[in-house]
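A.B. asks: Residue numbers (this note's numbering), protein chains in the order written: chain R, 322 to 587; chain F, 322 to 587; chain Y, 322 to 587; chain E, 3 to 246; chain A, 3 to 246; chain P, 3 to 246.
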Amino acid sequence: MTSTTVVRLKQQQISQLISKGKRLDGRGLRDYREIRVEQGIIEKAEGSARVLLGKTEVMAGVKIEFGQPFPDTPNEGVLTVNAELVPLASPTFEPGPPDENAIELARVVDRGIRESNAIDLEKLCIEPGKKVLVLFVDIYVLNHDGNLIDASALAALAALINTKVFNYEVEGGEIKIKPGYTPLPINNHPVAVTLAKINDQLVVDPWLEEEQIMDARITITTDNQGNICAIQKGGGGYFTPKQVFEAIQIAREKAVEIRRKLGWSK
Amino acid sequence: MTSTTVVRLKQQQISQLISKGKRLDGRGLRDYREIRVEQGIIEKAEGSARVLLGKTEVMAGVKIEFGQPFPDTPNEGVLTVNAELVPLASPTFEPGPPDENAIELARVVDRGIRESNAIDLEKLCIEPGKKVLVLFVDIYVLNHDGNLIDASALAALAALINTKVFNYEVEGGEIKIKPGYTPLPINNHPVAVTLAKINDQLVVDPWLEEEQIMDARITITTDNQGNICAIQKGGGGYFTPKQVFEAIQIAREKAVEIRRKLGWSK
Amino acid sequence: MTSTTVVRLKQQQISQLISKGKRLDGRGLRDYREIRVEQGIIEKAEGSARVLLGKTEVMAGVKIEFGQPFPDTPNEGVLTVNAELVPLASPTFEPGPPDENAIELARVVDRGIRESNAIDLEKLCIEPGKKVLVLFVDIYVLNHDGNLIDASALAALAALINTKVFNYEVEGGEIKIKPGYTPLPINNHPVAVTLAKINDQLVVDPWLEEEQIMDARITITTDNQGNICAIQKGGGGYFTPKQVFEAIQIAREKAVEIRRKLGWSK
Amino acid sequence: MSSKPERLIDEKGLRLDGRKPDELRPIKIEVGVLANADGSAYIEQGKNKILAAVYGPKELHPKHLALPDRMVLRCRYHMAPFSVQERKSPAPSRREIELSKVIREALEPAIFLEYYPRTATDVFIEVLQADGGTRCASITVASLALADAGIPMRDLVAACSVGKVDGTIVLDLMDVEDKVGEADLPLAYMPNLDAITLLQMDGNLTPEEFEKAVSLAIEGCKKIYNMQREALKARYVSVKEVEE
Amino acid sequence: MSSKPERLIDEKGLRLDGRKPDELRPIKIEVGVLANADGSAYIEQGKNKILAAVYGPKELHPKHLALPDRMVLRCRYHMAPFSVQERKSPAPSRREIELSKVIREALEPAIFLEYYPRTATDVFIEVLQADGGTRCASITVASLALADAGIPMRDLVAACSVGKVDGTIVLDLMDVEDKVGEADLPLAYMPNLDAITLLQMDGNLTPEEFEKAVSLAIEGCKKIYNMQREALKARYVSVKEVEE
Amino acid sequence: MSSKPERLIDEKGLRLDGRKPDELRPIKIEVGVLANADGSAYIEQGKNKILAAVYGPKELHPKHLALPDRMVLRCRYHMAPFSVQERKSPAPSRREIELSKVIREALEPAIFLEYYPRTATDVFIEVLQADGGTRCASITVASLALADAGIPMRDLVAACSVGKVDGTIVLDLMDVEDKVGEADLPLAYMPNLDAITLLQMDGNLTPEEFEKAVSLAIEGCKKIYNMQREALKARYVSVKEVEE
């Protein structure tokens, strides 16, 4: 919570520009920063990706292990999403177990993947109630310049798309690893779009300095069909119903745009 | 540790009244505050109760699970008593894992139940050494106005009396839940009675402001037969042997009184 | 980090003496303090020892349990070394989980035992991949007057030499304890020798006040054959290659001396 | 130990507990129920039983966490071990940590935080029994505990969930509807400011379904808001009666 | 790996280790055994082997925990992993946390806490080998470590357990008697003040048995008290000899 | 899911990846890669991929941890969960805690700590992929991140491991050589001061083998040192280009 005069002035400037439909970094209110995605950068992981969203940098890795299903979903593999806000990414991140921000981040990304049925978890079942594949998606934030949710959701999905599952066969109750890999089947491409409310305007993909002055944010995850599969309002402010409906509309359009840009749609 | 003049004066007044055989809230030295017990208030728990001891308010819930016996008691079910001093109950309670006060509270209540054989743990054994019922008694302090031990012991016992065990049968090593419930058999009704030493006098059921000035406290748990099954001295003061013997006598009388009042004796 | 004038003066004196080849406690630069070893002092442990190195006092206890091997060494028993810097040993030790100093201490001792093959872990295997003996070596520092590593390594080895393994036999997959004990077979006697660099001189077995002014320390563990099996440099200073080679030579000589003194060599 | 029902809405359009799609569960609210807290309230909504207590405004330790221009609001949502079917460990789960955060952010817009700079206020929520929709009921009851503590507020916050069940948009999901249904959307609302202060969703909704769901949730919140006001009034009346 | 005996008292009225019912185990006490601590002592009571160290009085961090009118006494009772049959995890168990509290409260009445306001004194107890009655032996030895540290005291605290075994009240329970017996009653006592500073019990005793048990425990404490005084004297003599 | 090879050095004297015994793996270094950190660097050494970031010098909280005469250097070596074959829990392991300590002590001799009394500097190291020798590569890259942050240094620290594999002393062990080999010796070195700042070993070496190993490690460090200098130069040139 810096409070020097310079910072205040810059914040006022950001806010005033937005009320005129402009942003300090030159973007329009509904423009994303440049998005770059690299996949397969960690050979030891079953899947991996690095996403740059402007200067925000997030890596995701997927590891697969054998494990047990949850008692209430005996026919499904297990998906676990974890996020680490490692201290090299920002002077405000501390070493230690995930705090509420890291936990919220992981759970919002998790819901987008889960609720859109991006992964067919039933295909990860080996023996119902006993043995399944467990997918660990680990999100690793390397540089924090705002909008970690969208960058993390992209990194997680890109890593899953990149994931190869080792072949195996079950013989007499024992699992045997066989040579070769099969790509993880991806059924849907959920895209999270975050909007910040600043000076009563909605701006897409807020960067760090915008996040510091926003009233509230809303993240809307939509699927290939344009349906809404996850929402998360954050921050200590509010939205009117009208603003929410407007945000939904923008998020759906942006998701189509991003999916097209990244080659995730026909 | 408040130290303003007003508090000091009030404490002196409490102490002086006690030396005259009186108490600030009008009770005699050996009177309990009003006791109210409600059972069955949490339908999702196998047993539950809420106890009001004056303004002190404690809830207890019983959950039952299948589990393994301890290696040294292979023929007995498992009884686990846990206490949470949740922060809504007092400005002095902090969120976090149980501190020494919460742990002592749980262990004193546990010993009263265990040593009086209130529950026949052998009846909770399903398959010796392998499968037993596990009883979780969770004590939840909702308002702290002194004498948490007696209120918690009453709440735990009332919740156990209220407990229904789901029916089950064992077929070929597999446990099957059957319809219906059976009450948990209760063999004894241990009652914990706490006395505080203030100004060299013994007072029963200390409330919060008495606890703040007491030299020491002693909790004596007696069973239906009037035998002693658990004792715990607390606080940084001491008792003479004579005071201890006097306390035992009072505790036995008070336990009979409480048991009769709550309908726990013939 | 005491910084009073008296302490400073004493530290200067220690440092100046060392540059003249002398030490404040009268030792020569390459002399150990008196070493005393007592074994078998904890009857309830499978093995135990207490080591006094001057005023530094360390106890080690060995417990043996049945357990599972690590997946990558299915034919070997498990050796676990843990160290506790319990707060009664020094005003600078705090209660709580092992800190970086305790963890380093345990791991350095562990490597000396492991890398010298002092214990034949394969002999601790009961059923490959399933059941093995697990050796817990617990190092307990009781008084800290410097050079905890050497004292702990001696205590751990002395406790292992003192260890008796209960007899057992495997019948139809079940392990049965039989009467009697067998000594744990010891194949080698690794000895850790620590040297401190003070005023560009190497001194053996630094005591506490020397540790407070040393630039760096190096611990060299050698085996019965005079080979090097573990090294650990510590502290915020450095050694030249020449100093390292000199330290190796000294450490080998000292280890022979200690082994002879303790009756660990022919 | 419970099995999933085949249908959640019967041929008459009624839900498992007999409610119509746009019907709330029975709600009972009481304000000022705990002696030690600066403010407190209790809610029963269906089988949910939730207590909230407020301590504050008060000094903040350590002091460098205090803010020069506003009060710090802290919030802990916690479930009793016996509140759910399988015993819950008392250590805070990831779910409880996330809910503590979104509940706090749902209450903040209602409070004049700038009135008490350099202080902190704690909101402690204990779910004694859970049956779906606990985060919403927690916001509803915590908002009353804040009012009871005399914290200056712009408006009360009322909260309610909507969802999609057997293809129908329904109000105030109970546990089984939440678990088996196609979508769950908890929403918190301040009627006087037309302000949505909590909005989450998971499941699958078309934009049209979403608009319908939000409208229904706001209707639900307005009904709950009226009950909140009644409960506050009852509290003041009873206090006055005691004082007279 | 051990089996329970059928009888704990034989036909001659003797216990498994040959003791009479009112007989203490052999006790060995040494004062001033650790170089770094301000005070220390070591006790062997049967197979129990326990070290106590005292650091203090000293400044308290963080300072807001200090008390304006008295010293804060802190106490940690801890068991070495190798002290018992099955290896004990070094993390403090619930039992160790409770015992740390009751031991502290058994020592406090002996100390003139008001002599050193705003300070803290730490008592660290390490059980190196446990064989029943460790909390009592810990109080006995910690009391000597406090005296050795020069902490001003009203009296030494001696502690001893009694119990009921095969229907007989016996003094100074060893492990197997504690586990198989019908009652266990640890008690701490300051003879000069006729003050009981620790009293716990679990098991089953009639009021008459209880009175008998307390009397026997106090007799035991008095014997231990004499040994404590001898050990202190031996310490001072040896210190004096060193100094001369 | 991997099996141990029978031989690590073939009949031509080459290693599994075709290297000669005294050959380093391919190394790629980049300085100034993270936007928020005061200094940062990235290294790839074989399949190792490691990022280091430096924050500082800065104020230390709580203040009583600050030192009156020098800067406090803090260091965290941490592995990403996906960096190794079996997923690693993100909680720091005992190994990571030890390595954080020895890496810090390998960097300290290079820094003029006395220039910034009462401050702290943090070095955060994240291993994104591990393939043997991560502690050495971490020192190499952290040393560049410190330089990039403008921390005044006596020299860069270069680090490299040597080991004994099939009886041969080899440079820069990769994972399989580390696990199956007979000895592993990581070493950090400042060429300008002829100073060894990290030295560890486990395995079995004769004194002669040890001397040979140390010499080879120092040779390796010198090569890496030159690459470090090149990487720093590249950074300054590119910064200058941007500025112009």
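C-beta atoms are modelled at their ideal positions from N, C-alpha and C, and glycine is treated no differently.
So what does residue 30(P) bridge to, in DSSP terms?
C.D. replies: As a working note, residue 30(P) is residue 28 in the sixth sequence. Residue 30(P) pairs with 46(P).
A.B. asks: With DSSP run on the structure shown, which of helix, strand or coil describes residue 3(E)?
C.D. replies: Working through the fourth sequence from its first residue, we reach residue 3(E) at position 1. Its pLDDT being 38, under 50, residue 3(E) is placed unreliably by the model, and the measurement read from it follows with that caveat. Residue state, collapsed to three classes: coil.
A.B. asks: Between the Cα of residue 523(F) and those of 509(F), 540(F), 507(F), 511(F), spot the shortest distance and give me the residue it belongs to.
C.D. replies: If you number the second sequence from 1, residue 523(F) lands on position 202. The option with the nearest alpha carbon to residue 523(F) is 540(F).
A.B. asks: Could you please give me the residues that DSSP links to residue 131(E) through a beta bridge?
C.D. replies: For the purposes of this step, residue 131(E) is taken as the residue at position 129 of the fourth sequence. Beta-bridge pairing links residue 131(E) to 51(E).
A.B. asks: Determine the closest residue to residue 228(P) out of 172(P), 217(P), 53(P), 158(P), with distance taken between C-alpha atoms.
C.D. replies: One-based indexing of the sixth sequence puts residue 228(P) at position 226. The candidate whose alpha carbon is nearest that of residue 228(P) is 158(P).
A.B. asks: Helix, strand or coil for residue 86(E)? Go by DSSP, reduced to three states.
C.D. replies: Within the fourth sequence, residue 86(E) is the residue found at index 84, counting from 1. Of the three classes helix, strand and coil, the one that applies to residue 86(E) here is coil, per DSSP.
A.B. asks: For residue 546(F), count neighbouring Cβ atoms within 10 angstroms of its own Cβ and tell me buried if that reaches 16, exposed if not.
C.D. replies: Taking the second sequence and counting its residues from 1, the one referred to as residue 546(F) is at position 225. Exposed, because fewer than 16 other Cβ atoms sit within 10 Å of the Cβ of residue 546(F).
A.B. asks: Between 32(E), 173(E), 131(E), 56(E), which has its C-alpha nearest residue 188(E)'s C-alpha?
C.D. replies: For the purposes of this step, residue 188(E) is identified with residue 186 of the fourth sequence, where counting begins at 1. If we check each option's Cα against that of residue 188(E), 173(E) comes out closest.
A.B. asks: Mind reading off the beta-carbon distance from residue 458(R) to residue 402(R)? Whole number of angstroms is fine, and I expect it under 8 Å.
C.D. replies: For this step, residue 458(R) is matched to residue 137 along the first sequence. For this step, residue 402(R) is matched to residue 81 along the first sequence. 5 Å between Cβ atoms; contact.
A.B. asks: Just mark residue 391(R) as buried or exposed, buried being the case when its beta carbon has 16 or more other beta carbons within 10 Å.
C.D. replies: Translated into the one-based positions of the first sequence, residue 391(R) becomes position 70. Counting Cβ neighbours within 10 Å, residue 391(R) comes out exposed, since fewer than 16 surround it.
A.B. asks: Keeping to the same chain, check which residues put their C-beta closer than 6 Å to that of residue 52(P); ignore five residues upstream and five downstream.
C.D. replies: Position 50 of the sixth sequence holds residue 52(P). So the qualifying residues of the chain are 45, 129, 139, 140, 143.
A.B. asks: Can you find a C-beta in chain R that's less than 8 Å from the C-beta of residue 57(P)?
C.D. replies: What you label residue 57(P) is simply residue 55 of the sixth sequence in a count that begins at 1. It does: the Cβ of residue 57(P) has a partner Cβ on chain R nearer than 8 Å.
A.B. asks: Using a Cβ-Cβ cut-off of 8 Å, state whether residue 555(Y) counts as contacting chain P.
C.D. replies: Here residue 555(Y) is taken as the residue at index 234 of the third sequence, counted from 1. Chain P, which has a Cβ nearer than 8 Å to the Cβ of residue 555(Y), makes this yes.
A.B. asks: For residue 11(A), which residues from the same chain have a beta carbon less than 7 Å from its beta carbon, with the 5 sequence-adjacent residues on both sides left out?
C.D. replies: Residue numbering aside, residue 11(A) sits at position 9 when the fifth sequence is read from its first letter. For residue 11(A), where only same-chain residues beyond five positions count, the Cβ hits under 7 Å are 17, 167, 168, 170.
A.B. asks: Can you name the residues that DSSP bridges to residue 371(Y)?
C.D. replies: For the purposes of this step, residue 371(Y) is taken as residue 50 along the third sequence, with counting starting at 1. 359(Y), 380(Y), per the DSSP bridge assignment.
A.B. asks: Look at the Cβ atom of residue 363(Y), then the Cβ atom of residue 100(P), and state whether they are nearer than 8 Å.
C.D. replies: As a first step, residue 363(Y) must be located in the third sequence, where it is residue number 42. As a first step, residue 100(P) must be located in the sixth sequence, where it is residue number 98. No. Outside cutoff.
A.B. asks: Could you pull out every residue in the same chain whose Cβ sits closer than 7 Å to the Cβ of residue 667(F), ignoring the five residues on either side in sequence?
C.D. replies: Examination of residue 667(F) is not possible in this model, given that chain F is present from 322 through 587 alone.
A.B. asks: Go ahead and pull the three-state DSSP assignment for residue 22(P).
C.D. replies: In the sixth sequence, the residue the question calls residue 22(P) occupies position 20. If DSSP states are grouped into helix, strand and coil, residue 22(P) belongs with coil.
A.B. asks: Considering only DSSP beta bridges, list what residue 170(P) is partnered with.
C.D. replies: Along the sixth sequence, one-based indexing puts residue 170(P) at 168. DSSP lists 167(P) as partners of residue 170(P).
A.B. asks: Within 8 Å (strictly less), CB to CB, does residue 446(Y) reach chain P?
C.D. replies: In the third sequence, counting from the first residue as 1, residue 446(Y) sits at position 125. Output row for residue 446(Y): interface = no.
A.B. asks: Report the partner residues of residue 385(Y) according to the DSSP bridge assignment.
C.D. replies: Here residue 385(Y) refers to the residue found at position 64 of the third sequence. Answer is 456(Y), bridged to residue 385(Y).
A.B. asks: Go ahead and label residue 63(E) buried or exposed: buried means 16 or more other beta carbons lie within 10 angstroms of its beta carbon, across all protein chains shown.
C.D. replies: Here the question's residue 63(E) lines up with position 61 in the fourth sequence. Residue 63(E) is exposed by the Cβ-count criterion.
A.B. asks: Would you say residue 559(R) lies against chain E (beta-carbon separation less than 8 Å)?
C.D. replies: As a first step, residue 559(R) is located in the first sequence; it is residue number 238 there, counting from the start. Yes - at least one Cβ of chain E is within 8 Å of the one on residue 559(R).
A.B. asks: Which partner residues of residue 162(E) appear in the DSSP bridge assignment?
C.D. replies: Position 160 of the fourth sequence, counted from the first residue, corresponds to residue 162(E). For residue 162(E), which the question treats as bridged, DSSP gives the partners 189(E).
A.B. asks: For residue 406(F), collect the residues of the same chain with a Cβ closer than 7 Å to its Cβ; drop the 5 residues on either side in sequence, then sort them by chain order.
C.D. replies: Locating residue 406(F) in the second sequence gives position 85, where the first residue counts as 1. 414, 422, 423, 462, listed in sequence order.
A.B. asks: Near residue 516(Y), what residues of its chain come up, given a Cβ to Cβ distance below 6 Å and the 5 sequence neighbours on each side ignored?
C.D. replies: Residue 516(Y) sits at position 195 when you count from the first residue of the third sequence. The residues are 523, 525, 539, 568.
A.B. asks: Would you decide whether residue 465(Y) is buried or exposed? Buried here means 16 or more other CB atoms lie within 10 Å of its CB.
C.D. replies: One-based indexing of the third sequence puts residue 465(Y) at position 144. Label assigned to residue 465(Y): buried.
A.B. asks: Starting from the C-beta of residue 471(F), find all residues in its chain whose C-beta is less than 7 Å away, skip the five residues before and the five after it, and write them out in chain order.
C.D. replies: Counted from its first residue, the second sequence places residue 471(F) at position 150. Same-chain partners within the cutoff: 374, 513, 514, 515, 526.
A.B. asks: Which residues does DSSP pair with residue 446(Y) in a beta bridge?
C.D. replies: By one-based count along the third sequence, residue 446(Y) stands at place 125. In the DSSP output, where bridge partners are listed per residue, residue 446(Y) has 453(Y).
A.B. asks: Taking only three categories from DSSP, how would you classify residue 210(E)?
C.D. replies: Within the fourth sequence, numbered from 1, the residue matching residue 210(E) stands at position 208. In the structure shown, residue 210(E) sits in a helix (DSSP, three-state: H, G or I).
A.B. asks: Around the C-beta of residue 19(A), are 16 or more other C-beta atoms found within 10 angstroms, so that it is buried, or is it exposed?
C.D. replies: Residue mapping note: residue 19(A) aligns to position 17 of the fifth sequence, counting from 1. It is exposed - the Cβ of residue 19(A) has fewer than 16 other Cβ atoms within 10 Å.
A.B. asks: As an exercise, report each continuous beta strand (DSSP E) stretch of at least 3 residues that is fully enclosed by the region 497 to 535 of chain Y, in chain order.
C.D. replies: Listed in chain order, they are 512 to 519, 522 to 525.
A.B. asks: Which whole-angstrom value describes the C-beta separation of residue 108(E) and residue 125(E), a residue pair presumed to lie in contact below a C-beta threshold of 8 Å?
C.D. replies: For the purposes of this step, residue 108(E) is identified with residue 106 of the fourth sequence, where counting begins at 1. For the purposes of this step, residue 125(E) is identified with residue 123 of the fourth sequence, where counting begins at 1. The pair is not a contact, with the Cβ atoms about 11 Å apart (cut-off 8 Å).
A.B. asks: Please confirm whether residue 433(Y) and residue 542(Y) have their CB atoms less than 8 Å apart.
C.D. replies: Sequence index remark: in the third sequence, residue 433(Y) carries index 112 (1-based). Sequence index remark: in the third sequence, residue 542(Y) carries index 221 (1-based). Going by C-beta atoms, residue 433(Y) is nearer than 8 Å to residue 542(Y).
A.B. asks: Would you mind sorting residue 429(R) into buried or exposed? The rule is 16 or more other CB atoms within 10 Å of its CB.
C.D. replies: For the purposes of this step, residue 429(R) is taken as residue 108 along the first sequence, with counting starting at 1. Answer is buried; the Cβ neighbour count reaches 16.
A.B. asks: For chain R, is any of its Cβ atoms less than 8 Å away from the one on residue 67(E)?
C.D. replies: For the purposes of this step, residue 67(E) is taken as residue 65 along the fourth sequence, with counting starting at 1. So, not an interface residue.
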